[in-house]
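Undergrad: One structure, pasted below without further comment.
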Amino acid sequence: MASATRRKAARPRARSAQLSRDEQRRLWAPWRSAYITRSAPAEPGCVFCRARRSRDDRRVQVIHRGQHVFAILNKYPYNVGHLMVALNRHVGEFERVRLEEGAEWFQMAQDMAALLKRTVRPQGINLGINMGRIAGAGIPGHLHLHLVPRWSGDTNFMPVVGGAKVMSLSLETLYDVLMKAQRP
Ligand SMILES: [Zn+2]
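Numbering (our numbering), first residue to last: -17 to 166.
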């Protein structure tokens, strides 16, 4: 599995190594602005509740389901591999999380961190919950924990060596990589 991922990643890395710094900035900008303005999703309602109810995990990009929580890719990622672990219940207040939900939430966050480490191989990972819109929550009514892989220099644009090879992965390809890596 790991060698297959490396083989897939090798070709885009060679190509992106030729990009100028301006090209890298342009490549990076659309993702970043989509994240900041949160221009989507277009459909009404709660995206987490819809994803939880969906029977098509690949379409909604749910990568793991537990009893109380599920993990889903962020469609407007801050970085490659940006995923979230959301509660099944539509609840926005952290203090209302039940003990059994919290235990599984923490466990799945650990599993997802390990999954990211062995797939996109970040140099670090940010984990965080934004409670309330003022704190940056795009969907304040439904608690979710972000896991954002980090690479050196990624605050301005993805570095050529560390980031560009994984940045070139589409969300669909990334989904397949993460699903494959979870198989025993
Ligand atoms: Zn919801």
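All C-beta atoms in this analysis are idealised placements derived from N, C-alpha and C, irrespective of residue type, glycine included.
Could you say if the region 156 to 166 and the region 71 to 89 meet the contact criterion of at least three C-beta pairs nearer than 8 Å?
TA: They do not touch, by the three-pair rule.
Undergrad: Over what stretch of residues does the beta strand (DSSP E) that includes Leu97 continue unbroken?
TA: Element bounds for Leu97: not the beta strand (DSSP E) but the alpha helix (DSSP H), 81 to 101.
Undergrad: Can you tell me whether Gly63 sits near ligand 1, meaning its C-beta is under 7 Å from at least one heavy atom of the ligand?
TA: no
Undergrad: Could you pull out every residue in the same chain whose Cβ sits closer than 6 Å to the Cβ of Asn128, ignoring the five residues on either side in sequence?
TA: Note that residue 128 is His in the sequence shown here, rather than Asn. Here the set comprises Met66, Gly110.
Undergrad: Shorter than 7 Å, the distance from the beta carbon of Gly123 to the closest heavy atom of ligand 1, or not?
TA: yes
Undergrad: When the Cα atoms are used, what is the spatial distance from His64 to Val29?
TA: Cα to Cα, His64 sits roughly 16 Å from Val29.
Undergrad: Mind checking Gln43: buried by the 16 CB within 10 Å criterion, or exposed?
TA: buried
Undergrad: With distance defined between alpha-carbon atoms, name the residue in Met90, Val102, Arg37, Leu55 nearest to Trp133.
TA: Val102
Undergrad: Express the C-alpha separation of Lys162 and Ser152 in angstroms, rounding to a whole number.
TA: 15 Å
Undergrad: Any heavy atom of ligand 1 closer than 7 Å to the CB of His72?
TA: Checking the Cβ of His72 against ligand 1 gives yes.
Undergrad: Which partner residues does Asn191 have in the DSSP bridge list?
TA: The question about residue 191 has no answer, for the chain in this structure spans -17 to 166.
Undergrad: Within the continuous alpha helix (DSSP H) that includes Phe30, where are the two ends?
TA: Segment 29 to 35, the alpha helix (DSSP H) holding Phe30.
Undergrad: Is the beta carbon of Phe88 within less than 7 Å of some heavy atom of ligand 1?
TA: no
Undergrad: I'd like to confirm the pairing. Which residues does DSSP put opposite Arg47 in its beta bridges?
TA: Arg47 is bridged by DSSP to Phe52.
Undergrad: With respect to 7 Å, is the separation between the Cβ of Phe76 and the closest non-hydrogen atom of ligand 1 below this value?
TA: The closest heavy atom of ligand 1 lies 7 Å or more from the beta carbon of Phe76.
Undergrad: Pull the bridge partners of Asn108 from the DSSP assignment, please.
TA: Val130
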